[in-house]
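A quick write-up on the structure given underneath.
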Amino acid sequence: MIKAAIFDMDGLLIDSEPIWTEAATEVMQKVNFKLTHDLKLQTTGLSIKLFLEFCYRIQPWNTPERDELEHDILTIATRNIIAHAKPMPGAIALVKNLYAENIKLAVASASHMELIEAVLKRLEIIDYFQTWHSGELEEHTKPHPAVYISTAAKLGIPVHECIAFEDSFTGLRAAHAAKMITICVPNPEVYDDPKFDLAHYKLRSLEEFDILAVGV
Numbered sequence: 001m002i003k004a005a006i007f008d009m010d011g012l013l014i015d016s017e018p019i020w021t022e023a024a025t026e027v028m029q030k031v032n033f034k035l036t037h038d039l040k041l042q043t044t045g046l047s048i049k050l051f052l053e054f055c056y057r058i059q060p061w062n063t064p065e066r067d068e069l070e071h072d073i074l075t076i077a078t079r080n081i082i083a084h085a086k087p088m089p090g091a092i093a094l095v096k097n098l099y100a101e102n103i104k105l106a107v108a109s110a111s112h113m114e115l116i117e118a119v120l121k122r123l124e125i126i127d128y129f130q131t132w133h134s135g136e137l138e139e140h141t142k143p144h145p146a147v148y149i150s151t152a153a154k155l156g157i158p159v160h161e162c163i164a165f166e167d168s169f170t171g172l173r174a175a176h177a178a179k180m181i182t183i184c185v186p187n188p189e190v191y192d193d194p195k196f197d198l199a200h201y202k203l204r205s206l207e208e209f210d211i212l213a214v215g216v
């Protein structure tokens with residue numbers, strides 16, 4: 001019996017991945033790093049820290065320090081997400097439908113706590129969520145399962161009674177490793193990539209989610 005639903009945020013609840021990409025592209029120009037389309041797809045779902053580590057392995061740089069670049073990306077993206085980001089198709093309706101079924105709701109995101117709260121307020125769904133948790137508070141972030149395990153603990157629900165909604169393979173791996181039922185909504189460009197078959201259910205949009213199909 002499913003008792004809780006835990007959502008990723010960026011690219012799943014809110015259409016913010018393009019905003020993160022624009023911020024990263026702008027900031028990485030400082031170190032003459034070109035963020036290609038393929039690299040954007042490969043790094044979807046990574047925290048900023050892991051994103052910068054990924055880029056550094058490809059093309060090392062001396063200055064500025066990665067901490068400075070991380071701060072700049074976060075500042076630009078946060079400002080634009082709060083001002084401009086819109087909900088993903090079906091996200092608001094799904095949240096309300098699950099809430100109506102007495103399912104406990106939470107967010108488990110790589111974004112920082114303040115941004116998660118700001119996004120939920122912007123989407124006007126914060127009152128539907130019992131809690132939210134950031135991978136930044138964990139020793140290891142996605143694809144490590146810690147953020148999902150901790151979020152389930154905050155809800156007081158065993159992991160096997162949780163469904164996890166993700167859009168990235170990084171996040172899917174985290175939810176899968178946490179032993180949750182996984183629903184993945186990949187970017188259309190990578191939807192047919194067989195690695196997403198790791199998910200229990202794969203959707204093209206949250207609008208396709210069938211509450212009855214997963215035993216809610």
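Numbering-wise (full-length UniProt numbering), the sequence shown opens with residue 1 and increments by one. Backbone N, C-alpha and C fix where the C-beta goes; we use that ideal spot for every residue, glycine too. Computed from a predicted model, the values in this text were never measured in an experiment.
For the stretch 96-149, list the beta strand (DSSP E) runs that are entirely contained and at least 3 residues long, ordered along the chain. 104-109, 131-134
Do Ile183 and Leu198 have their CB atoms nearer than 8 Å? no
By Cβ distance below 7 Å, which residues in the same chain neighbour Asp8 in space, the five residues on each side in sequence not counted? Ala108, Ser109, Phe165, Glu166, Asp167, Gly171
Let me make sure I understand the geometry here. Which of Ser47, Pro158, Leu120, Leu41 has the alpha-carbon closest to that of Asp193? Leu41
Note down the Cα distance separating Leu120 from Ile126, rounded to an integer number of angstroms. 5 Å
Assuming Leu69 and Leu52 are in contact, meaning their beta carbons sit under 8 Å apart, how far apart are those beta carbons, in whole angstroms? 6 Å
Which listed residue (Leu94, Ile19, Cys162, Ala106) has its alpha carbon closest to that of His176: Cys162
Counting along the chain, where does the beta strand (DSSP E) carrying Thr182 start and finish? 181-184
Is it true that the CB of Val147 sits closer than 8 Å to the CB of Gly156? no
Would Ala5 and Ile103 qualify as a contact pair, given that the criterion is a beta-carbon distance under 8 Å? yes
Would you say Leu13 and Pro87 are within 8 Å of each other, going by their C-beta atoms? yes
Determine the direct distance from the alpha carbon of Pro89 to that of Thr25, and round the result to whole angstroms. 26 Å
Determine the closest residue to Val95 out of Trp61, Ala213, Leu123, with distance taken between C-alpha atoms. Leu123
Beta strand (DSSP E) containing Ile73: first to last residue? Note, Ile73: premise wrong, no beta strand (DSSP E); alpha helix (DSSP H) at 66-84.
Is it buried or exposed for residue 217, if we count other Cβ within 10 angstroms and need 16 for buried? With the chain covering 1 to 216 only, the question about residue 217 has no answer from this structure.
To the nearest angstrom, how far is it from the Cα of Val214 to the Cα of Ile2? 8 Å
Three-state secondary structure (DSSP) at Tyr56? helix
If you drop the 5 nearest sequence neighbours on each side, which residues of the same chain put their C-beta closer than 6 Å to that of Ala178? Pro145, Tyr148, Ile149, Val159
CB of Thr75 within 8 Å of CB of Ala106, strictly: no
What's the C-alpha gap between Pro60 and Ala93? 44 Å
Have a look at the DSSP bridge pairing and note the partners of Glu207. Paired residue(s): none; Glu207 is not in a bridge.
With 16 as the cutoff for other CB atoms within 10 Å, does Leu206 come out buried or exposed? buried
Leaving out five residues on either side along the sequence, give the residues of the same chain with a beta carbon under 7 Å from the beta carbon of Ala118. Ile82
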